[in-house]
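> The structure that follows is given in the form of structure tokens.
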Amino acid sequence: MSPHDERELAIEDEGDVVAARQMVRQAAQAVGFGVTDTTRIVTAASELTRNICNHAGAGVMRVRSIDEDGRSAIELEFVDQGPGIPDVAQAMEEGYSTSGGLGLGLPGSKRLMDEMEVESAVGRGTTVRVRKWLKA
Amino acid sequence: MVTMPPDPDDATIRALQEKALASMERHDARVLVLDITAVDTVDSYFARTISETAQMVSLMGGRTVVAGMQPAVAVTATQLGLAFRRVETALSVDRALDLVSAPGERGRWR
């Protein structure tokens, strides 16, 4: 996947979780990740896609590769226009859930990836960006 | 025994849960073996459904053994913090069958 090659997937319901996993698996393998990191990245994508289904109802996932100083990464971006997260710090806490889930979505995905950024505005929506770098 | 496909969607997972419980009753089975050898992604929904299924099987007087988890899936599940409650585990389907055929050898619940 070249840096210009960005893929996008509309997330509308649970059925799109599988499509998201497949798109991310393909992209992770194209960047050169091995089986364990690919599994981590795909699982994080699965959790974050579910977050959109559960909290916002719909949104979009963007998948891109990054090349920086000779290092490669995969970046996943999850954007929704849902209710937003009033307290991002709290949402990042283990076991905190407003949807009756396990509350693993954000903190668990962060552990599986190298970097995570969450931008959210109540009533406007949420953007979650995660990256994993290919170890040289 | 239920064999999971590589990348099951939620509807498939739910359907397999129902089928597994129905066949427990029909065959008067004591053990449900969930073969996840082919499964390459286990997320929190999948893990929760497995735990719920095991709870249901337990209420029906049975045991649940999850068999064949891939190494990468085990690493990821642990880092994600997934819990498989009331589930026994085995390296492979063969080991699962050894486990359940040995009398009095009951695996530990997690």
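Chains as they are written, first to last, in the working numbering: chain D, 522 to 657; chain F, 126 to 235.
For every residue, glycine included, the Cβ atom is placed at its ideal position computed from N, Cα and C.
Being a predicted model, the structure only gives us computed values, none of them experimental.
1. I'd like to check one pair, Thr178(F) with Ile138(F): are the Cβ atoms closer than 7 Å?
2. Can you give me the C-alpha to C-alpha distance between Lys144(F) and Gly536(D), rounded to a whole angstrom?
3. Please list the partners that Val563(D) has in chain F, where partner means a Cβ-to-Cβ separation under 8 Å.
4. Compute the Euclidean distance between the alpha carbons of Asp526(D) and Val190(F), then round it to the nearest angstrom.
5. CB Gln579(D) to CB Ile587(D), shorter than 7 Å?
6. Taking the straight line between their C-alpha atoms, what separation do you get for Gly543(D) and Val584(D)?
7. In three-state DSSP terms, what is Lys144(F)?
8. Report the start-end ranges of each beta strand (DSSP E) in the stretch 628 to 656 of chain D that is 3 residues or longer and not cut off at the edges.
9. Any idea which residues DSSP pairs Val127(F) with across the strands?
10. Would Arg211(F) and Gly187(F) qualify as a contact pair, given that the criterion is a beta-carbon distance under 7 Å?
If we stick to the structure as given:
1. no
2. 20 Å
3. By Cβ distance, chain F contributes Asp165, Thr166.
4. 43 Å
5. As written in the sequence, residue 579(D) is Ala, which differs from the Gln given in the question. For Ala579(D) and Ile587(D), no; Cβs fall outside 7 Å.
6. Reading the sequence as shown, one finds Gln at residue 543(D) and not Gly. Each residue's Cα considered, the two are about 11 Å apart.
7. Three-state result, Lys144(F): helix.
8. As far as the stretch 628 to 656 of chain D is concerned, its whole beta strand (DSSP E) runs of at least 3 residues are 636 to 642, 646 to 654.
9. Leu159(F)
10. no
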